[in-house]
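Participant: Under my numbering, the first residue of the sequence shown is numbered 17, with each subsequent residue one higher.
Sharing a structure here in structure tokens format.
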Amino acid sequence: MALALCEMMWLKSFLKELRVLKNETMLLHCDNVAAINIAKNPVQFDQMKHVEIDRFFIKEKMDSGALRLEYVKSRDQLTDCLIKGLGPKDNELACNKMGMLNIFSPS
């Protein structure tokens, strides 16, 4: 999640430099409830030292209002079609949600 946040921050600064984007809160969709809980509630997960630095980084961005975490069901995660093999039905659904069109489809 911290790596995705770094990528989002870079992309946001790039788009601001191009004067395409205003200063808005970034929305990170995540299908991992445990990861969201760790980021939102640091006291509950003090025993997990290996994620401590990432957690503080994410929490800092959330507290400043620069980031908002939102849970999304795994089946609704659009990025899955880019990194996982999907069946034809799921692939078509994901492509439709992203606004992609089949240029070879008869109209």
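For every residue, glycine included, the Cβ atom is placed at its ideal position computed from N, Cα and C.
1. Quick check on L19: buried or exposed, where buried means 16 or more other Cβ atoms within 10 Å of its Cβ?
2. In the DSSP assignment, find the beta strand (DSSP E) that holds R84 and state where it starts and stops.
3. Out of A110, G103, L85, N112, state which residue places its alpha-carbon closest to the alpha-carbon of C46.
4. Taking the alpha carbon of S80 as the reference point, which residue from M42, N107, C111, V88 has its own alpha carbon closest?
5. Using DSSP bridges, identify the partner residues of L43.
6. By the DSSP assignment, the alpha helix (DSSP H) with K113 in it spans what residues?
7. Can you give the Cα-Cα distance for G103 and L109, rounded to whole angstroms?
8. Using the Cα positions of K32 and N107, report the straight-line distance between them to the nearest angstrom.
Facilitator: The relevant details are as follows:
1. For the purposes of this step, residue 19 is identified with residue 3 of the sequence shown, where counting begins at 1. Exposed, since its Cβ has fewer than 16 Cβ neighbours within 10 Å.
2. Position 68 of the sequence shown holds residue 84. Run containing R84: 83-87, per the beta strand (DSSP E) assignment.
3. As a first step, residue 46 must be located in the sequence shown, where it is residue number 30. When each option's Cα is compared against that of C46, the closest is L85.
4. Sequence index remark: in the sequence shown, residue 80 carries index 64 (1-based). When each option's Cα is compared against that of S80, the closest is M42.
5. Reading the sequence shown from its first residue, position 27 is the one you call residue 43. BP columns for L43 point to R84.
6. Here residue 113 refers to the residue found at position 97 of the sequence shown. Taken as a continuous stretch (DSSP letters only), the alpha helix (DSSP H) holding K113 covers 104-114.
7. Here residue 103 refers to the residue found at position 87 of the sequence shown. Here residue 109 refers to the residue found at position 93 of the sequence shown. Spanning the two alpha carbons is a distance of roughly 10 Å.
8. Here residue 32 is taken as the residue at index 16 of the sequence shown, counted from 1. Here residue 107 is taken as the residue at index 91 of the sequence shown, counted from 1. For K32 and N107, the distance between alpha carbons rounds to 32 Å.
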